[in-house]
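The sequence shown begins at 28 in the numbering used here and counts up by one. Take a look at the structure below.
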Amino acid sequence: PDRGDYRVLQCTLKVVAQMAGVSKRTIYTHFSGKEHLFRAALDRLKFDMNAKLKWSDAADIQGELVAYGRQVRAYVLSDKVLKAFRLVERSMPEMPDLGVVAEQHTTQLLEALAAYFNKGMKAGVFIDTDPRFLAEHFFSMVIGQSRSRALRGLPPEPHRDDAYLNQEIEVFVRGISAA
């Protein structure tokens, strides 16, 4: 684990202000406390799913989902997101609301993808099932094992490359296709 993460948890707003080159009063003008500051930092890391995936009847669905899967995987496995996740996990006893914020981000991501699958169902492209179920399985498939390894500090598995992602999503799309 990054020892700097532990220092962040123990850091006071006075130290944050000094590091930022501003007064403590300036920090309190924008944030009510350390938890509020952490929440704002988490919000800045939020992945904007809506900007990445839009339903189009003419779209290459598999190609679009592969591109989106690459973006999601790169985002979730980025150093800054992994560090933030570890920090939230360690902060839970001191600041339990951070877990709620992190879960809200995950929920928003899943709901946006579920909306995409729902549009595909209405267009008759995908089987009629729970779109949230599809979104959860898509994310588990795209990031599950890779994220677990990354959080443990293990290197990525060499076979989990773009070709592997293409194959995963091809099987997924075949499984949910209405035709």
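Glycine included, every Cβ here is placed at the ideal spot set by N, Cα and C. Just so it is clear, the structure is predicted and the values come from calculations on it, not from any experiment.
Simplified DSSP assignment, three categories, for residue i
i: Phe153; result: strand
i: Ser59; result: coil
i: Glu195; result: helix
i: His188; result: Looking at the sequence shown, residue 188 is not His but Asp. Three-state DSSP puts Asp188 in coil, outside helix and strand.
i: Asp84; result: coil
i: Leu181; result: coil
i: Thr39; result: coil
Residue range of the unbroken alpha helix (DSSP H) whose run includes residue i
i: Arg176; result: Pro158 to Leu178
Residues bridged to residue i (per DSSP)
i: Ser50; result: DSSP output for Ser50 lists no bridge partner at all.
i: Ser209; result: As shown, the chain starts at 28 and ends at 206. That puts residue 209 outside it, with no answer to give.
Alpha-carbon to alpha-carbon, residue j and residue i
i: Lys107; j: Lys146; result: 32 Å
i: Ala162; j: Arg174; result: 17 Å
i: Val169; j: Val49; result: 41 Å
i: Gly180; j: Lys149; result: 42 Å
i: Leu114; j: Phe144; result: 32 Å
i: Asp189; j: Arg176; result: 17 Å
i: Ile54; j: Ala44; result: 6 Å
i: Arg100; j: Ile88; result: 18 Å
i: Leu104; j: Ile154; result: 30 Å
i: Gly126; j: Asn193; result: 32 Å
i: Ala86; j: Leu80; result: 11 Å
i: His186; j: Asp84; result: 33 Å
i: Leu40; j: Phe58; result: 10 Å
i: Lys61; j: Leu136; result: 26 Å
i: Val93; j: Arg117; result: 33 Å
i: Met122; j: Thr56; result: 21 Å
i: Arg159; j: Pro182; result: 30 Å
i: Ala47; j: Ala67; result: 15 Å
i: Leu178; j: Gln98; result: 18 Å
i: Val128; j: Thr134; result: 10 Å
i: Ala211; j: Pro120; result: Missing from the structure shown is residue 211; the chain here goes from 28 to 206 and no further.
i: Gly151; j: Gly171; result: 29 Å
Worksheet item: Residue ranges of each alpha helix (DSSP H) run of no fewer than 4 residues wholly in the segment 91-129, ordered along the chain?
Response: 106-118
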